[in-house]
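Remarks on the structure that follows.
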Amino acid sequence: MEESTEKVAPGTFGATGRRKEAVCHVTLKPGRGDVQINGLPKEKYLCREVLIRVITEPLEA
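Sequential numbering from 47 applies to the sequence shown in our numbering.
What follows is the structure, given as structure tokens:
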């Protein structure tokens, strides 16, 4: 497994997740709270409400 570092702006956080051949890059930054997956809003990318809940639940305060 190779490690990579990304330069991100102050106040933002970045991470990369890998499993088998799949790679996911995540950037958290202050703003409106929008979630995009591959450039699409979460509602268009994920068809089921339960999946949307699974990815947004850890972000709720």
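Just so you know, even glycine gets a beta-carbon here, dropped at the ideal spot from N, CA and C.
Considering only the beta carbon of each residue, do residue i and residue j sit closer than 9 Å?
i    : j   : result
H71  : A55 : no
E106 : I98 : no
Helix, strand or coil: which one does DSSP assign to residue i?
i   : result
P87 : strand
T62 : strand
V69 : strand
L74 : strand
Taking the C-alpha atoms as reference points, what is the distance between residue i and residue j?
i   : j   : result
G57 : L74 : 9 Å
A68 : I83 : 14 Å
Going by Cα to Cα distance, which pick from the options is closest to residue i?
i    : options       : result
T102 : D80, K66, C93 : D80
I'd like the span of the alpha helix (DSSP H) that includes residue i, first residue to last.
i   : result
L97 : 95–102
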